[in-house]
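Residue numbers (this note's numbering), protein chains in the order written: chain D, 585 to 713; chain B, -13 to 178. Don't be surprised by glycine CBs; every beta carbon is placed ideally from N, CA and C. One structure is given below, encoded as structure tokens.
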């Protein structure tokens, strides 16, 4: 899945990746790859601005540490972030259930129409004339 | 990133460092280094690992554009541009109805020039594609608007002696803009 297909859901996905505990940017990407069996393939660099945006919104909080001589910024969910993730999850379940129902219902209707057309071809109705 | 690591990665980080503040570059350096090391661990030679890491990270332009979009100075500038007509409208209504003009004519001309300069700086911060330019013009615009509002409030109170009706409303919205400018300037400064 590419970044543009994820548009509108990136924030929720990033919040979910931080649900297990504090992570730095690369660890967030790794967590997303593992949780989606590698199907989520984002350019690694693009998640850093998204993490900043979430931090500015107060949904995550960043702290600096030093690892191997390099400064590293780790992020954790704030209470507001936990609430936002819960809300996004509920909204996604509703959305997903609605779209799945609509798509599967459309499939059932199409199948029924195809079956009716096949029956008409096999047994043409008597000509009233 | 240590000197021993490939020139491609150092060059890539230099492009980012030319535009972005130090703390952001440090965070990106850590991420890119981790990406590079993961490829090295998988057995790629240094140059191939560097190429793969840079490719996985995305283009420098893409990353710069992402940070420009979340720049606090840019967001503050957009809020100031939205608030500008409200503050301006309140002051025009207050000054026209009360017929109180703060200060002598040369001072009012200076205030007008400062206003035009502030609007220009704020537009640059709101629409600019360069991170640092947006930060510096945003801070300058905030300082200018705060000074302008303070001058209007003090000048009007000195001339009129008291504020009533529309003038009180204009002073209230100007005070709110001063507070917004102060918060925005601090947030922008933290990102330089």
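- When secondary structure is reduced to three states using DSSP, residue 645 of chain D falls in the strand class.
- Contact between the segment 95 to 110 of chain B and the segment 123 to 142 of chain B is established, with three or more Cβ pairs separated by less than 8 Å.
- The Cβ atoms of residue 17 of chain B and residue 630 of chain D do not sit closer than 8 Å to each other.
- Taking C-beta atoms as the reference points, residue 86 of chain B and residue 146 of chain B count as a pair closer than 8 Å.
- Per the C-alpha coordinates, the member of D:649, D:636, D:690 positioned closest to residue 595 of chain D is D:636.
- A direct Cα-to-Cα measurement between residue 656 of chain D and residue 13 of chain B gives close to 6 Å.
- Out of D:660, D:626, D:700, the CA that lies nearest to the CA of residue 642 of chain D is found in D:660.
- Among the bridge pairs identified by DSSP, residue 607 of chain D is matched with D:659.
- In the DSSP assignment, the residues bridged to residue 654 of chain D are D:651.
- Distance between residue 92 of chain B and residue 160 of chain B, taken at the CA atoms: about 22 Å.
- Per DSSP, the continuous alpha helix (DSSP H) segment holding residue 161 of chain B begins and ends at 152 to 176.
- Only buried fits residue 170 of chain B, as 16 or more other CB atoms lie within 10 angstroms of its CB.
- Residues of the segment 635 to 661 of chain D with a C-beta less than 7 Å from any C-beta of chain B: 636, 637, 640, 654, 655, 656, 657, listed in chain order.
- Taking C-beta atoms under 8 Å as the contact rule, residue 628 of chain D and residue 644 of chain D fail to qualify, at a distance of about 18 Å.
- 56, 58: these are the residues of the segment 56 to 81 of chain B whose beta carbon lies less than 7 Å from some beta carbon of chain D, given in chain order.
- When secondary structure is reduced to three states using DSSP, residue 625 of chain D falls in the coil class, being assigned neither helix nor strand.
- Looking at B:5, B:39, B:135, B:22, the one whose alpha-carbon comes closest to that of residue 168 of chain B is B:135.
- In chain order, 609, 629, 632 make up the part of chain D whose C-beta sits under 9 Å from the C-beta of residue 14 of chain B.
- In this structure, the straight-line span from the alpha carbon of residue -1 of chain B to that of residue 46 of chain B is close to 8 Å.
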